[in-house]
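Number of protein chains: 2
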Amino acid sequence: MPAPKISREEVLDRITEIFRQYGYEGASLSLISKATGLGRASLYHHFPGGKEEMGHEVFRRIGEHLDRNVLSPLRAKGSPKKCLKNWTQGLNLFYGGGSKNCLLGTMILSGGSDRFSKEITSTFRTLIDLLSSVLEEAKIPHNLARRRAARAIGEIQGALLVSRGLEDEGYFQQILEDLPGELLSVK
Amino acid sequence: MPAPKISREEVLDRITEIFRQYGYEGASLSLISKATGLGRASLYHHFPGGKEEMGHEVFRRIGEHLDRNVLSPLRAKGSPKKCLKNWTQGLNLFYGGGSKNCLLGTMILSGGSDRFSKEITSTFRTLIDLLSSVLEEAKIPHNLARRRAARAIGEIQGALLVSRGLEDEGYFQQILEDLPGELLSVK
DNA sequence: TCATTATTACCGAACGGTCGGTACAATGTC
DNA sequence: GACATTGTACCGACCGTTCGGTAATAATGA
Numbered sequence: 001m002p003a004p005k006i007s008r009e010e011v012l013d014r015i016t017e018i019f020r021q022y023g024y025e026g027a028s029l030s031l032i033s034k035a036t037g038l039g040r041a042s043l044y045h046h047f048p049g050g051k052e053e054m055g056h057e058v059f060r061r062i063g064e065h066l067d068r069n070v071l072s073p074l075r076a077k078g079s080p081k082k083c084l085k086n087w088t089q090g091l092n093l094f095y096g097g098g099s100k101n102c103l104l105g106t107m108i109l110s111g112g113s114d115r116f117s118k119e120i121t122s123t124f125r126t127l128i129d130l131l132s133s134v135l136e137e138a139k140i141p142h143n144l145a146r147r148r149a150a151r152a153i154g155e156i157q158g159a160l161l162v163s164r165g166l167e168d169e170g171y172f173q174q175i176l177e178d179l180p181g182e183l184l185s186v187k
Numbered sequence: 001m002p003a004p005k006i007s008r009e010e011v012l013d014r015i016t017e018i019f020r021q022y023g024y025e026g027a028s029l030s031l032i033s034k035a036t037g038l039g040r041a042s043l044y045h046h047f048p049g050g051k052e053e054m055g056h057e058v059f060r061r062i063g064e065h066l067d068r069n070v071l072s073p074l075r076a077k078g079s080p081k082k083c084l085k086n087w088t089q090g091l092n093l094f095y096g097g098g099s100k101n102c103l104l105g106t107m108i109l110s111g112g113s114d115r116f117s118k119e120i121t122s123t124f125r126t127l128i129d130l131l132s133s134v135l136e137e138a139k140i141p142h143n144l145a146r147r148r149a150a151r152a153i154g155e156i157q158g159a160l161l162v163s164r165g166l167e168d169e170g171y172f173q174q175i176l177e178d179l180p181g182e183l184l185s186v187k
């Protein structure tokens, strides 16, 4: 076989970036072709299922990235406070300090909601489960932990959206800074 | 002149619904034509500027709705607590209990961000200004009031998005219920 | 009062262009 | 030669938009 110009994972990363920026409907094959350097035919060779298959693969890939860069701190041993600090740091990097959209949000509001509802809900659930388990480790009662975790996930999504709406990335950073303290507050 | 089949404001309301559901790019003229009962060509009679003019008009119209149904409680005389309660009630109605997208969020993440950035930022700013002024009336220091108000707007957006992601409208309701208390807490 | 004229509302058909997707021959590597 | 990979050329469907034309009402003048 001829040496691929570019690895499959690298292809997926670039497609991810297009989906993230333009949403599912806005991510045209022309854009994807340009971003990957692959012609239409090549794209269909790698993803016979077309755009929809690309979408599913992108979710798989983003799951890996999320796991490695964002979720891993939540699984690490160490004080909950430290865990959460590392988590928000990971989030900040993952979202480019507030400059990058979240693929989940973009997909939900740009026509991918029906196609990828399974991936979307399960990703949100994983996030909430993991976060709330850290809170429980900090002696926060189960129900409260779950409520706070769910709320925090919403806050992050909202912060990404509003910081874009206000054209002020500082907004995202602010929310992120305050999160660990509020999640662990005894109130 | 022949009697219009449908009033301009009614037309705008239906177009708004399409934009809200499908986003700017996803809202095709065919969809809009179907929703309004007007042929594609007729739409250009009412909106010579085409889809983009429709977008701007939709923002004007949604501004009116927002003002009447959501913002007015914040301007009313009365205890801040009462104001906020009425506000969240208005929000709940406005967003169909969490079942309807927010036009702002949808536009931001579906290709309308550049075209309508002026409308989007100014709407967010108005919301934050008004909300924070209510908090200041409740003796909350200026800076804290502004931070809490901004955070609340983000939470609402996040709640709408995540409730869709989790396919659980209860999530939105929950956030909404807790908001007034947290905005006014002395902590 | 009644025909005439403007004005307005609307639509069918078509424009050039892009969409996601496919058929197939050519290429390069083993 | 076998086979994975790719470029080219193409498809029908739909995109936002425009044009030519029709029909209904309002305003006009005799």
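These protein sequences, in sequence, are chains A and L.
Numbering follows the working numbering, in which position 56 of the first sequence is assigned residue number 56; successive positions increment by one, without gaps.
Numbering follows the working numbering, in which position 144 of the second sequence is assigned residue number 144; successive positions increment by one, without gaps.
Glycine is no exception: its CB is placed at the ideal position from the N, C-alpha and C atoms.
Computed from a prediction, not measured in an experiment: that's the story for all the values here.
Would you decide whether residue i is buried or exposed? Buried here means 16 or more other CB atoms lie within 10 Å of its CB.
| i | result |
| --- | --- |
| residue 10 of chain L | exposed |
| residue 166 of chain A | buried |
| residue 22 of chain A | buried |
| residue 2 of chain A | The predicted model places residue 2 of chain A with a pLDDT of 49, which falls under 50 and marks its position as unreliable; any figure quoted below should be read in that light. With fewer than 16 other Cβ atoms within 10 Å, it is exposed. |
| residue 12 of chain L | buried |
| residue 6 of chain L | exposed |
| residue 152 of chain A | buried |
| residue 161 of chain L | buried |
| residue 49 of chain A | exposed |
| residue 170 of chain L | exposed |
| residue 55 of chain L | buried |
| residue 27 of chain L | buried |
Please report the Cβ distance between residue i and residue j, rounded to the nearest whole angstrom; I am assuming they are in contact, meaning their Cβ atoms lie under 8 Å.
| i | j | result |
| --- | --- | --- |
| residue 90 of chain L | residue 70 of chain L | 4 Å |
| residue 130 of chain L | residue 145 of chain L | About 11 Å separates the two Cβ atoms, so there is no contact after all. |
| residue 155 of chain A | residue 98 of chain L | That pair is no contact at about 16 Å. |
| residue 128 of chain L | residue 150 of chain L | 5 Å |
| residue 29 of chain L | residue 38 of chain L | In fact, because the Cβ distance is near 10 Å, the residues do not count as touching under 8 Å. |
| residue 63 of chain A | residue 123 of chain A | 7 Å |
| residue 113 of chain A | residue 25 of chain A | Contact doesn't hold; Cβ gap of about 11 Å is too wide. |
| residue 158 of chain L | residue 157 of chain A | 4 Å |
Would you kindly check if the distance between the Cβ of residue j and the Cβ of residue i is under 9 Å?
| i | j | result |
| --- | --- | --- |
| residue 74 of chain A | residue 179 of chain A | no |
| residue 148 of chain A | residue 132 of chain A | yes |
| residue 20 of chain L | residue 100 of chain L | yes |
| residue 36 of chain A | residue 103 of chain A | no |
| residue 52 of chain A | residue 115 of chain A | yes |
| residue 80 of chain L | residue 176 of chain L | no |
| residue 66 of chain A | residue 94 of chain A | yes |
| residue 139 of chain A | residue 187 of chain L | no |
| residue 86 of chain L | residue 76 of chain L | yes |
For the alpha helix (DSSP H) containing residue i, list its first residue and its last residue.
| i | result |
| --- | --- |
| residue 165 of chain A | 142 to 165 |
| residue 128 of chain L | 117 to 137 |
| residue 178 of chain A | 169 to 184 |
| residue 200 of chain L | Absent from the model: residue 200 of chain L. The displayed extent of chain L is 1 to 187, so no value can be given. |
| residue 41 of chain L | 40 to 46 |
| residue 82 of chain A | 80 to 94 |
| residue 77 of chain L | First-last for residue 77 of chain L: undefined, no H or E at that position. |
| residue 13 of chain L | 8 to 26 |
| residue 98 of chain A | Careful: residue 98 of chain A lies outside any alpha helix (DSSP H) and carries neither H nor E. |
| residue 66 of chain L | 50 to 66 |
Quick one: does the C-beta of residue i sit closer than 8 Å to a heavy atom of the ligand SAM?
| i | result |
| --- | --- |
| residue 124 of chain L | In the structure on display, the ligand SAM does not appear, and there are no ligands present to speak of. |
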